[in-house]
Amino acid sequence: MSEIRPRRDVRRTLPARKRIALIAHDGKKGEMLEWAGRWQDTLARHRLVGTGTTASRIAAQLGLEVEALMSGPLGGDQQIGARIAEQGLDLLIFFWDPFAPQPHDPDVKALLRLAALWNIPVACNPASADFLISSPWLDQDYEMSIPDAGGWITDRSST
Numbered sequence: 001m002s003e004i005r006p007r008r009d010v011r012r013t014l015p016a017r018k019r020i021a022l023i024a025h026d027g028k029k030g031e032m033l034e035w036a037g038r039w040q041d042t043l044a045r046h047r048l049v050g051t052g053t054t055a056s057r058i059a060a061q062l063g064l065e066v067e068a069l070m071s072g073p074l075g076g077d078q079q080i081g082a083r084i085a086e087q088g089l090d091l092l093i094f095f096w097d098p099f100a101p102q103p104h105d106p107d108v109k110a111l112l113r114l115a116a117l118w119n120i121p122v123a124c125n126p127a128s129a130d131f132l133i134s135s136p137w138l139d140q141d142y143e144m145s146i147p148d149a150g151g152w153i154t155d156r157s158s159t
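56 is the number that full-length UniProt numbering gives to position 56 of the sequence shown; each next residue is one higher, with no gaps.
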């Protein structure tokens, strides 16, 4: 019988220059801008991507180059999730608002599920983001385990 979940026996190396996703709900955009401002020099050494207004505001106010995707409710969270599944992102910094229900809550849950599945480091508030961005692994290659998606599909299709 096939496993319920894929084996985690594939190795992936996160590059020294990380691909970092920056997302903030409306009630957390100010915190994200303040946080990104404190870490501006560090963030400038990496490739940044963000959803809608978050990406635009960080680029405009801090002068950082940020690839802007769609707004979260318009599909941006799903675009970030797709990049995670395709191993196109290395870190997720997502300041979500625990006090405000979001019309795209299912997308948010799916995004966080993909980050957990693919072993992507996630920070959900300024304190956890400080710990993540100040890690000695940030500017180094980092080898980690990820699911063996191909093996899982093969196992499931052979039963």
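Every residue gets a Cβ at the ideal spot worked out from N, C-alpha and C, and that includes glycine.
Here the structure is a predicted model, which is why all the values come from computation and not from measurement.
| Check | Outcome |
| --- | --- |
| Three-pair Cβ contact test at 8 Å for the stretch 107 to 123 versus the stretch 52 to 60 | no |
| Distance between beta carbons of L92 and A115, contact taken as under 8 Å | 5 Å |
| Exposed unless 16 or more other CB atoms sit within 10 angstroms - verdict on M1 | Summary for M1: the model assigns pLDDT 43, below 50, so the residue's position carries little reliability; its value from the coordinates is reported in the next sentence. Result: exposed. |
| Other residues of its chain near R45: CB distance less than 6 Å, five sequence neighbours each side excluded | none |
| Distance CB(D77)-CB(A110) smaller than 9 Å | yes |
| R11 vs P147 beta-carbon contact at 9 Å | no |
| G150 classed as buried or exposed, judged by whether at least 16 other C-beta atoms fall within 10 angstroms | exposed |
| Residue burial classification, M32 (beta-carbon count within 10 angstroms, cutoff 16) | buried |
| With 16 other Cβ atoms within 10 Å as the buried cut-off, status of P6 | buried |
| Three-state class that DSSP yields for I23 in the structure shown | strand |
| Limits of the unbroken alpha helix (DSSP H) element including A115 | 105 to 117 |
| From M70, Q40, E143, residue whose alpha carbon lies closest to that of A129 | Q40 |
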